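Counting with our numbering, you get residues 2 to 249 for the letters of the sequence shown.
Right, one structure below, let's go through it.
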Amino acid sequence: MKAVVLVGGSGTVGQILANGLSDKYDVIIMDKKKPIGMYTTFISVDATDRKDIQNKMPKADVLINLLNTESSHAISEVDTFERMTDIFFKASYYLFYTAIQKGIPKVIFASSNHVTDVYELDGVSLLGREITTDDVPRSKGVYGVLKYASEQLGYLFSTEENISVMNIRIGSVPKGVTKEEVESNERLQKTLLSQTDVVGLFTVAIESDQSFGTYYGVSDNPGKPWDMALAKEELGFVSQENTTDILQ
2 MKAVVLVGGS
12 GTVGQILANG
22 LSDKYDVIIM
32 DKKKPIGMYT
42 TFISVDATDR
52 KDIQNKMPKA
62 DVLINLLNTE
72 SSHAISEVDT
82 FERMTDIFFK
92 ASYYLFYTAI
102 QKGIPKVIFA
112 SSNHVTDVYE
122 LDGVSLLGRE
132 ITTDDVPRSK
142 GVYGVLKYAS
152 EQLGYLFSTE
162 ENISVMNIRI
172 GSVPKGVTKE
182 EVESNERLQK
192 TLLSQTDVVG
202 LFTVAIESDQ
212 SFGTYYGVSD
222 NPGKPWDMAL
232 AKEELGFVSQ
242 ENTTDILQ
């Protein structure tokens, strides 16, 4: 059974993955806070502390970087920017570096659709077609800029250190999404990555033999703004639940 480490696994996506992957993989959560309703191995760690993450990282087959923090402004105050840089860039470097040191052959980075959010408004692509990973990254905020920077770190480590790196630009993954929430949110109707598809997309990424790839993460919703052709072609991803299913 493969061992999968979820760094930042106490958050929404981490909890979805821990629940969805634990029947197939040995799931280990690493985070500052222990998730409520503990059901898998937990290691307390500060991923922004290089020595802490290196000393505590267990032997694993896959490392999934889910680190996140709140950010709502395009240009943040300096103290916020420094915290975001620690979490979204420096910690990414530490995790890639630790993977090399610990012999972990694959890192999956939870990136964001905000890498290209200049091209999207209220869930609608402004390009007259779905946004692809070939489109030049353009972000409305520091958050997207730092996510893209970490994607590029992944490319560097993949090419120079021969590890597999997958960047997944996640769409909208609200906690415990309801039919009523989808009905009332027109953007969410297009941008949702359902919990079923979160697990499905990360599962095919875990099992893929691709050396490097960047993919959008969105369910096959009507009018979705991002192109999933590459994820289907290279990873074999098939969306199992979209907003049409939820609204029925």
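All C-beta atoms in this analysis are idealised placements derived from N, C-alpha and C, irrespective of residue type, glycine included.
Treat the numbers as computed from the prediction; the structure is a model and nothing was measured.
Taking all protein chains shown into account, do 16 or more other C-beta atoms lie within 10 angstroms of the C-beta of isoleucine 37, making it buried, or fewer, making it exposed? Taking the first residue of the sequence shown as position 1, residue 37 is located at position 36. So isoleucine 37 ends up on the exposed side.
Chain-order list of residues whose beta-carbon lies under 7 Å from that of arginine 139 (same chain, five-residue window excluded): Here residue 139 is taken as the residue at index 138 of the sequence shown, counted from 1. Taking C-beta separations shorter than 7 Å and ignoring five residues to either side along the sequence, the partners of arginine 139 in its chain run Thr117, Val119, Tyr120, following chain order.
Whole-angstrom distance between valine 166 and tyrosine 156, CA atom to CA atom: Locating residue 156 in the sequence shown gives position 155, counting from the first residue. Locating residue 166 in the sequence shown gives position 165, counting from the first residue. Going by the C-alpha atoms only, they are around 7 Å apart.
Which of helix, strand or coil does DSSP assign to isoleucine 109? The residue you call residue 109 lines up with position 108 of the sequence shown. In the displayed model, isoleucine 109 falls within a strand according to three-state DSSP.
Can you give me the Cβ contacts of valine 200 inside the same chain, cut-off strictly under 6 Å, excluding the 5 residues immediately before and after it? Along the sequence shown, one-based indexing puts residue 200 at 199. Excluding residues within five positions, the ones whose Cβ falls inside 6 Å are Gly21.
Between the segment 51–68 and the segment 97–108, do at least 3 Cβ pairs fall closer than 8 Å? As far as the Cβ criterion goes, the segment 51–68 touches the segment 97–108, which means the pair count is three or higher.
Between valine 125 and the rest of its own chain, which residues show a CB-CB distance below 8 Å, the 5 nearest in sequence each way excluded? Stepping through the sequence shown from its first residue, residue 125 is reached at position 124. Contacts found: Lys191, Gly224, Pro226.
Just verifying my parser: in three-state terms, what is the DSSP assignment at serine 151? Stepping through the sequence shown from its first residue, residue 151 is reached at position 150. Serine 151: helix per DSSP, three-state reduction.
Specify the secondary structure class of methionine 167 as computed by DSSP and reduced to three states. Taking the first residue of the sequence shown as 1, we reach residue 167 at position 166. If DSSP states are grouped into helix, strand and coil, methionine 167 belongs with the strands.
In or out: glutamine 196 buried (at least 16 other Cβ within 10 Å) or exposed? The residue labelled residue 196 in the question sits at position 195 within the sequence shown. By the neighbour-count rule (16 or more Cβ atoms within 10 Å), glutamine 196 is buried.
What number of angstroms, rounded off, separates the C-alpha of threonine 215 from the C-alpha of leucine 193? Indexing the sequence shown from 1 puts residue 215 at position 214. Indexing the sequence shown from 1 puts residue 193 at position 192. The straight-line gap separating the alpha-carbon atoms of threonine 215 and leucine 193 is approximately 18 Å.
Among Met85, Leu7, Lys60, which residue has its Cα nearest to the Cα of leucine 147? Your numbering for residue 147 matches position 146 in the sequence shown. Comparing Cα-Cα distances from leucine 147 to each of Met85, Leu7, Lys60, the minimum goes to Met85.
Consult DSSP for valine 125 and reduce its assignment to one of helix, strand or coil. In the sequence shown, the residue the question calls residue 125 occupies position 124. Strand.
Can you tell me whether glycine 104 is buried or exposed, with buried defined as 16 or more other CB within 10 angstroms of its CB? As a working mapping, residue 104 is identified with position 103 in the sequence shown. The residue is exposed, with fewer than 16 neighbouring Cβ atoms inside 10 Å.
What is the rounded straight-line gap between the Cα of asparagine 69 and the Cα of glycine 237? Translated into the one-based positions of the sequence shown, residue 69 becomes position 68. Translated into the one-based positions of the sequence shown, residue 237 becomes position 236. Looking at the backbone, the Cα of asparagine 69 and that of glycine 237 are separated by about 27 Å.
Ends of the alpha helix (DSSP H) at isoleucine 30? Numbered from 1 along the sequence shown, position 29 holds the residue referred to as residue 30. First-last for isoleucine 30: 27–32, but that is the beta strand (DSSP E), not the alpha helix (DSSP H).
If you follow the alpha helix (DSSP H) that threonine 215 is part of, which residue opens it and which one closes it? The count along the sequence shown starts at 1 and reaches residue 215 at position 214. Looking at the DSSP string, threonine 215 is not in any alpha helix (DSSP H); the run it does join, the beta strand (DSSP E), is 213–218.
DSSP three-state label for isoleucine 101, please. By one-based count along the sequence shown, residue 101 stands at place 100. Note: isoleucine 101 maps to helix in three-state DSSP.
Run the CB neighbour count on methionine 2, radius 10 Å, all protein chains shown included, and call it buried at 16 or more, exposed below. Sequence index remark: in the sequence shown, residue 2 carries index 1 (1-based). With fewer than 16 Cβ atoms within 10 Å of its Cβ, methionine 2 is classed as exposed.
If I follow the unbroken beta strand (DSSP E) through isoleucine 65, where does it start and stop? By one-based count along the sequence shown, residue 65 stands at place 64. Where isoleucine 65 is concerned, the enclosing beta strand (DSSP E) stretches over 63–66.
How many whole angstroms separate the CB atoms of isoleucine 171 and serine 220, which I take to be in contact at a CB cut-off of 8 Å? Within the sequence shown, the letter at position 170 stands for residue 171. Within the sequence shown, the letter at position 219 stands for residue 220. That belief does not hold up - the Cβ atoms of isoleucine 171 and serine 220 are roughly 11 Å apart, past 8 Å.
Use the C-beta contact count for glutamine 153: other C-beta atoms within 10 angstroms, 16 or more gives buried, fewer gives exposed. Your numbering for residue 153 matches position 152 in the sequence shown. That one is exposed.
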